[in-house]
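Asks: Numbering (the working numbering), first residue to last: 6 to 367. Backbone N, C-alpha and C fix where the C-beta goes; we use that ideal spot for every residue, glycine too.
1. Is the separation between the beta-carbon of residue 328 and that of residue 246 shorter than 7 angstroms?
2. Alpha carbon to alpha carbon, how far is residue 330 from residue 365? Give it in angstroms, no decimals.
3. Taking the alpha carbon of residue 336 as the point to measure from, which residue in 300, 358, 304 and 346 has its own alpha carbon closest?
4. Ignore the nearest five residues each way along the sequence and tell me which others in residue 62's own chain have a CB closer than 7 angstroms to its CB.
5. Have a look at residue 212 and residue 343 and give me their C-alpha separation to the nearest angstrom.
6. Excluding sequence positions up to five away, which residues of its chain have a Cβ less than 7 angstroms from the Cβ of residue 265?
7. For the beta strand (DSSP E) holding residue 192, just list the boundary residues, first then last.
8. Can you give the Cα-Cα distance for residue 173 and residue 315, rounded to whole angstroms?
9. What are the complete beta strand (DSSP E) segments, minimum 3 residues, inside the stretch 305–339?
10. Runs of 4 residues minimum, wholly inside the stretch 107–191: which ones carry the alpha helix (DSSP H) assignment?
11. DSSP has residue 279 in a bridge; who is on the other side?
12. Could you tell me the alpha carbon to alpha carbon distance between residue 332 and residue 154, rounded to whole angstroms?
13. Could you check where the beta strand (DSSP E) with residue 69 kicks off and where it finishes?
14. Quick one: residues in its chain with C-beta nearer than 7 angstroms to the C-beta of residue 238, no 5 flanking neighbours on either side, listed in chain order?
15. Flag this pair as yes or no: are the beta carbons of residue 151 and residue 83 separated by less than 7 angstroms?
16. Opposite residue 224 in the DSSP bridges: which residues?
17. Is residue 418 buried or exposed, if buried means 16 or more other CB atoms sit within 10 Å of its CB?
18. What did DSSP end up calling residue 342 once you bin it into helix, strand or coil?
19. Is the beta carbon of residue 195 closer than 7 angstroms to that of residue 307?
20. DSSP on residue 104, reduced to helix/strand/coil?
21. Would you mind reading off the limits of the beta strand (DSSP E) that contains residue 199?
22. Helix, strand or coil, according to DSSP, for residue 353 in the structure here?
23. Return the CA-CA distance between residue 276 and residue 169, expressed in angstroms with no decimal places.
24. If you draw a straight line from the C-alpha of residue 355 to the C-alpha of residue 221, how long is it?
25. Return the CA-CA distance between residue 294 and residue 278, expressed in angstroms with no decimal places.
26. Mind checking residue 252: buried by the 16 CB within 10 Å criterion, or exposed?
27. For residue 97, report the span of its beta strand (DSSP E) as first-last.
Right under this line is the structure:
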């Protein structure tokens, strides 16, 4: 439960979210019906296929972790959930995309090593011609510690790695980036497979972001035997963190022989942070509330082969957020998604869908 004194922060959070949602709605209108032939792209650089049906078979693995770092002592503590590998099917049409994936048991057989994680994970990337938006909502319960053995921590748990089933985490985030060179550079070609980048091109990016992160456990996140490695500012059992700010960067696609491509994108943001955490020290139960600064990083990379009808691509998206809790103490978390896509485009139009979209002006 969020501390009552965080309510003004929540109001600011949802206000900024509403402002950020405006470019998202505009991005959905980047289809051929609004921007003319070829979706508004320069046909020498990009071929747009949003007007026909694109289907895909994919496998994906989503990431979610949080880290405590004390730079004075060199201490680092990383918690990760037992992520699942999913198989799924998806389709894109008229610049809209739907993907449905399932985590099959035969792909996920490591509960004995890492413990079990209960989760709900929704991540969406909307790649319009002029705007690129990222939206995610996650809830996770059950984490293991990466980089430490249970013997070194003195833990008696049935899993091979030190595991804590009491840790519960939820986060929500939204970011929007404007693509300046939006007639010659396409995010969709690399990450959504319903366009084809024919020649190398890049673009500067500028936008904004807002995230909220909530973390709870029954006792301190820092194990007892590691307390001397971490300042007391990091020894908390629960916390709520909000950050918002301006973000900017650059993206580029390198094309070889018109078919092979490598896309890289990086953006860095800065802004104010607000947090409230319940300490688990000698003054157990005390609350530490502060304002500070935070760093928000966003990265995307994709590699594959594209063409008029088929696209094979590997891609990875990640968001990193770091909060300065002291002079040398940081708390950070990240969310991401690794995917392998096999997409095929059918030269057909779905008339019932066209009729619905035309009636509502999309």
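Replies: Working from what's here:
1. One-based indexing of the chain shown puts residue 328 at position 323. One-based indexing of the chain shown puts residue 246 at position 241. At a Cβ-Cβ threshold of 7 angstroms, residue 328 and residue 246 count as neighbours.
2. One-based indexing of the chain shown puts residue 365 at position 360. One-based indexing of the chain shown puts residue 330 at position 325. Distance between the alpha carbons of residue 365 and residue 330: 48 angstroms.
3. Numbered from its first residue, the chain shown carries residue 336 at position 331. Residue 300 is the option with its Cα nearest to residue 336.
4. On the chain shown, residue 62 is found 57 positions in, with the first residue counted as 1. Excluding sequence neighbours, residue 62 sits near 94 and 347.
5. For the purposes of this step, residue 212 is taken as the residue at position 207 of the chain shown. For the purposes of this step, residue 343 is taken as the residue at position 338 of the chain shown. Between residue 212 and residue 343, the C-alpha separation is close to 24 angstroms.
6. Here residue 265 is taken as the residue at index 260 of the chain shown, counted from 1. Result list for residue 265: 310, in chain order.
7. Here residue 192 refers to the residue found at position 187 of the chain shown. For residue 192, no beta strand (DSSP E) encloses it; the enclosing alpha helix (DSSP H) starts and ends at 192–196.
8. Residue 173 sits at position 168 when you count from the first residue of the chain shown. Residue 315 sits at position 310 when you count from the first residue of the chain shown. The alpha-carbon atoms of residue 173 and residue 315 are separated by roughly 41 angstroms.
9. The qualifying runs are 315–329.
10. Listed in chain order, the complete alpha helix (DSSP H) runs (minimum 4 residues) inside the stretch 107–191 are 116–119 and 155–158.
11. Your numbering for residue 279 matches position 274 in the chain shown. Its beta-bridge partners are 247 and 296.
12. Within the chain shown, numbered from 1, the residue matching residue 332 stands at position 327. Within the chain shown, numbered from 1, the residue matching residue 154 stands at position 149. Computed Cα separation, rounded: 29 angstroms.
13. Indexing the chain shown from 1 puts residue 69 at position 64. Counting along the chain, the unbroken beta strand (DSSP E) around residue 69 starts and ends at 58–75.
14. For this step, residue 238 is matched to residue 233 along the chain shown. The residues are 330, 331 and 334.
15. Locating residue 151 in the chain shown gives position 146, counting from the first residue. Locating residue 83 in the chain shown gives position 78, counting from the first residue. Taking the C-beta atoms as reference points, residue 83 is found nearer than 7 angstroms to residue 151.
16. Position 219 of the chain shown, counted from the start, is the residue given in the question as residue 224. Bridge partners of residue 224: none, in fact.
17. An answer regarding residue 418 cannot be provided, because it is not within the stretch 6 to 367 covered by the chain.
18. As a position in the chain shown, residue 342 is number 337, starting the count at 1. If DSSP states are grouped into helix, strand and coil, residue 342 belongs with the strands.
19. Counting from one through the chain shown, the residue named residue 307 turns up at place 302. Counting from one through the chain shown, the residue named residue 195 turns up at place 190. It is a contact, given that the beta carbons lie within the stated cut-off.
20. Numbered from 1 along the chain shown, position 99 holds the residue referred to as residue 104. It is a strand residue.
21. In the chain shown, counting from the first residue as 1, residue 199 sits at position 194. Per DSSP, residue 199 lies in no beta strand (DSSP E) segment and is marked neither H nor E.
22. Position 348 of the chain shown holds residue 353. Coil, per DSSP.
23. Indexing the chain shown from 1 puts residue 276 at position 271. Indexing the chain shown from 1 puts residue 169 at position 164. Each residue's Cα considered, the two are about 32 angstroms apart.
24. In the chain shown, residue 355 corresponds to position 350, counting from 1. In the chain shown, residue 221 corresponds to position 216, counting from 1. The straight-line gap from Cα to Cα measures roughly 47 angstroms.
25. The sequence position of residue 294 within the chain shown is 289, counting from 1. The sequence position of residue 278 within the chain shown is 273, counting from 1. Their backbone Cα atoms lie some 11 angstroms apart in a straight line.
26. Start at 1 with the first residue of the chain shown, and residue 252 comes out as number 247. By the neighbour-count definition (other C-beta atoms within 10 Å, threshold 16), residue 252 is a buried residue.
27. As a working mapping, residue 97 is identified with position 92 in the chain shown. From DSSP, the beta strand (DSSP E) with residue 97 extends over 90–98.
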